[in-house]
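So the sequence shown is numbered by the numbering used here: it starts at 1 and just counts up by one.
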Amino acid sequence: MQSLMVSVVRLSTAATLFGLEQIETAVEVTLGRRDFSTAVDDLSTTIDSMSASLAEKTADEKRRTLDSITRATKRVVNSSADAMAVMDPKRVVEATNDVLRKSTDAVSNFIGKSSDKGESPRLAVDVLKS
Numbered sequence: 001m002q003s004l005m006v007s008v009v010r011l012s013t014a015a016t017l018f019g020l021e022q023i024e025t026a027v028e029v030t031l032g033r034r035d036f037s038t039a040v041d042d043l044s045t046t047i048d049s050m051s052a053s054l055a056e057k058t059a060d061e062k063r064r065t066l067d068s069i070t071r072a073t074k075r076v077v078n079s080s081a082d083a084m085a086v087m088d089p090k091r092v093v094e095a096t097n098d099v100l101r102k103s104t105d106a107v108s109n110f111i112g113k114s115s116d117k118g119e120s121p122r123l124a125v126d127v128l129k130s
């Protein structure tokens, strides 16, 4: 039981120190003292190492689930990255403007139709009485 307590405190301390180190890295990247892609690669390597260590201690059937989720995630991320690479920012902005314009026109038409009825607004009390 004592060794478990020590292990839990060690894990908690390691996670805290790792988090602080990542904050320092973020500041270094922001200040231009460290390359962003290198920092991301280092973090990915560390996370992969932690995942591998946990996976080693996991039952085979759960490890197969982990492998399946990892493959699916890779496919989604790669597809998203490919889609983003193909997108032309100018076309994205134009499409967004087109959607906004159509939405605005639809709302304007709806408001225009409801105000064209020629009726003056009535009080809710009068509507409820009738």
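Quick reminder that beta carbons are idealized off the backbone N, C-alpha and C, glycines included.
These figures come from a predicted structure and were not determined experimentally.
For K74 and V92, what's the separation of their Cα atoms in angstroms? As a first step, residue 74 must be located in the sequence shown, where it is residue number 74. As a first step, residue 92 must be located in the sequence shown, where it is residue number 92. Going from the Cα of K74 to the Cα of V92 covers about 25 angstroms.
Does the distance from the CB of A55 to the CB of L66 come in under 8 angstroms? Counting from one through the sequence shown, the residue named residue 55 turns up at place 55. Counting from one through the sequence shown, the residue named residue 66 turns up at place 66. A contact, by the Cβ cut-off of 8 angstroms.
Measure the CB-CB distance between V29 and F36 and report whether it falls below 8 angstroms. Counting from 1 along the sequence shown, the entry for residue 29 is found at position 29. Counting from 1 along the sequence shown, the entry for residue 36 is found at position 36. Yes, the Cβ-Cβ distance between V29 and F36 is below 8 angstroms.
Determine, using beta carbons only, whether A26 comes closer than 8 angstroms to chain D. Among the chains of the structure shown, chain D does not appear; only one protein chain is present.
Taking the alpha-carbon positions, what's the S108 to K102 distance? Position 108 of the sequence shown holds residue 108. Position 102 of the sequence shown holds residue 102. About 10 angstroms.
Would the beta-carbon of A39 fall within 8 angstroms of that of T16? Looking up residue 39 in the sequence shown gives position 39. Looking up residue 16 in the sequence shown gives position 16. Not in contact: A39 and T16 (Cβ atoms no closer than 8 angstroms).
Helix, strand or coil: how does DSSP classify K57 here? Sequence index remark: in the sequence shown, residue 57 carries index 57 (1-based). Residue state, collapsed to three classes: coil.
Can you give the beta carbon distance from L43 to Q22, rounded, assuming they're within the 8 angstroms contact cut? For this step, residue 43 is matched to residue 43 along the sequence shown. For this step, residue 22 is matched to residue 22 along the sequence shown. Indeed, because the Cβ distance is near 7 angstroms, the residues count as touching under 8 angstroms.
For R10, report the span of its alpha helix (DSSP H) as first-last. The count along the sequence shown starts at 1 and reaches residue 10 at position 10. Unbroken alpha helix (DSSP H) run through R10: Q2 to T30.
Quick one: grab the DSSP three-state call for L43. Taking the sequence shown and counting its residues from 1, one reaches residue 43 at position 43. The answer is helix: DSSP assigns L43 an H, G or I state.
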